[in-house]
Amino acid sequence: MIITKLLIFSLFFIALSLSKLHAGEIYTICTTLSPPLSTEKHDGILDKILIEAFSRSQATINLVITPSERGLINANNGTADGDANRISGLQSTYNNLIQVQESNMTYEFVAFTKNKDIVIKNWSDLKGHTVGYITGWKIFDEKVTSENIVKVDDADQLFALLHKDAVDIILYYRIGGDYYLKTHKVKNIFAIEPPLETKDMFLYLNKQHQKISKKLEYALIEMKQDGTINRIITESFN
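In numbering that gives the first Met the number 0, the protein residues as written are 0 to 237.
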């Protein structure tokens, strides 16, 4: 009887260990609340791409929504394991971060306005205008040279700037902006063409996670090749 009980307990702990091994380590990754890419339910386009990429890398992801700037800081100081979605090259500023070398997706960065007479063809055209964007969006920190800049915490505050005529222009990514205008049934705000810039976007990890960085790179390549990323994007807009 004792031997039987010991055998049962041994099998139980072996099964538990195998289960944990299969699930892999858990990685806390910061994202910014930005539908339709990142949502409170973690069912946005980016959320699904990251969940699948970590799964294929034999790991589990714990998505945590944080303000944009805070996500980078937390990943850099090790409070979180990583942060997404970001332009390339930020490891030169955040020395404890490494960039997963395969991109998650591509963003079109565009200007939105209520004034149809405003013409913006490049970053320098923003000069002379009051410009709003979300704190922590590094591409805008790097590119915008307007003397009058208003920074806010999220998309609701960003579009409120235009509603209140507090700025001439706001800067955002096209998918997120189009989604906001559609879901809020906004008719008097539109995107200025062409996009200011088109950029591949990347996941960053704290440098202690070099090993899984390579696995995630291969997983994202595979997901592009087998059509998984295109399927996730297509299904999200149907």
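All C-beta atoms in this analysis are idealised placements derived from N, C-alpha and C, irrespective of residue type, glycine included.
With a CB to CB cut of under 8 angstroms and the five nearest residues on each side skipped, what residues in its chain are close to residue i?
{"i": "I169", "result": "A110, F111, T112, V130, G131, Y132, L157, F158, L160, L161"}
{"i": "R69", "result": "C29, G135"}
{"i": "K115", "result": "F189"}
{"i": "K142", "result": "W122, L195, E196"}
{"i": "G88", "result": "Q98"}
Roughly how many angstroms separate the alpha carbons of residue i and residue j, rounded to a whole number?
{"i": "P34", "j": "E192", "result": "22 angstroms"}
{"i": "T65", "j": "N76", "result": "15 angstroms"}
{"i": "T30", "j": "A83", "result": "5 angstroms"}
{"i": "D225", "j": "L219", "result": "10 angstroms"}
{"i": "V185", "j": "N95", "result": "41 angstroms"}
{"i": "N73", "j": "K210", "result": "20 angstroms"}
{"i": "K198", "j": "W136", "result": "13 angstroms"}
{"i": "K163", "j": "I228", "result": "37 angstroms"}
{"i": "S123", "j": "V166", "result": "17 angstroms"}
{"i": "Q100", "j": "S235", "result": "25 angstroms"}
{"i": "T233", "j": "Q90", "result": "31 angstroms"}
{"i": "I117", "j": "I174", "result": "21 angstroms"}
{"i": "A309", "j": "H183", "result": "An answer regarding residue 309 cannot be provided, because it is not within the stretch 0 to 237 covered by the chain."}
{"i": "T92", "j": "L71", "result": "10 angstroms"}
{"i": "Y26", "j": "H208", "result": "9 angstroms"}
{"i": "D46", "j": "E39", "result": "10 angstroms"}
{"i": "D152", "j": "E221", "result": "35 angstroms"}
{"i": "R248", "j": "Y171", "result": "The question about residue 248 has no answer here: the residues shown for the chain are numbered 0 through 237."}
Determine whether the beta carbon atoms of residue i and residue j lie at a separation below 9 angstroms.
{"i": "L62", "j": "S102", "result": "no"}
{"i": "T105", "j": "M200", "result": "yes"}
{"i": "F139", "j": "P194", "result": "no"}
{"i": "Y203", "j": "R85", "result": "yes"}
{"i": "I48", "j": "D80", "result": "no"}
{"i": "S145", "j": "K126", "result": "yes"}
Grab me the residues of residue i's own chain with a C-beta within less than 7 angstroms of its C-beta, minus the 5 sequence neighbours each way, in chain order.
{"i": "G176", "result": "V109, F111, A190"}
{"i": "G23", "result": "Q57, A58, T59"}
{"i": "S67", "result": "T31, I133, T134, G135, W136"}
{"i": "I50", "result": "I60"}
{"i": "G43", "result": "P34, P35, L36, S37"}
{"i": "D41", "result": "Before going further, note that residue 41 is His rather than Asp in the sequence given. Same-chain partners within the cutoff: L62."}
{"i": "L180", "result": "I188"}
{"i": "K223", "result": "none"}
For residue i, I'd like the list of residues in its chain whose CB is within less than 6 angstroms of its CB, leaving aside the five on either flank, ordered along the chain.
{"i": "K150", "result": "T134"}
{"i": "K206", "result": "N95, I97"}
{"i": "N147", "result": "T129"}
{"i": "T78", "result": "none"}
For a cutoff of 9 angstroms on Cβ pairs, would you count residue i as touching chain C?
{"i": "L219", "result": "Going by chain labels, chain C is absent from the structure shown, which holds only one protein chain."}
Inset, instruction - Assess, as a yes-or-no matter, whether the segment 47-59 is touched by the segment 204-219 under the definition of 3 or more beta carbon pairs within less than 8 angstroms. - result: Yes, the segment 204-219 touches the segment 47-59.
Inset, instruction - Starting from the N-terminal side, write out each stretch of the beta strand (DSSP E) that is 3 residues or longer and does not extend beyond the segment 38-96. - result: 59-64, 81-85, all fully within the segment 38-96.
Inset, instruction - Taking only runs that begin and end inside the segment 138-197, name each unbroken beta strand (DSSP E) of 3 or more residues, in chain order. - result: Runs found: 147-151, 168-172.
Legend entry - Secondary structure, beta strand (DSSP E): runs of 3+ residues fully inside the segment 208-232: Within the segment 208-232, no complete beta strand (DSSP E) run reaches 3 residues.
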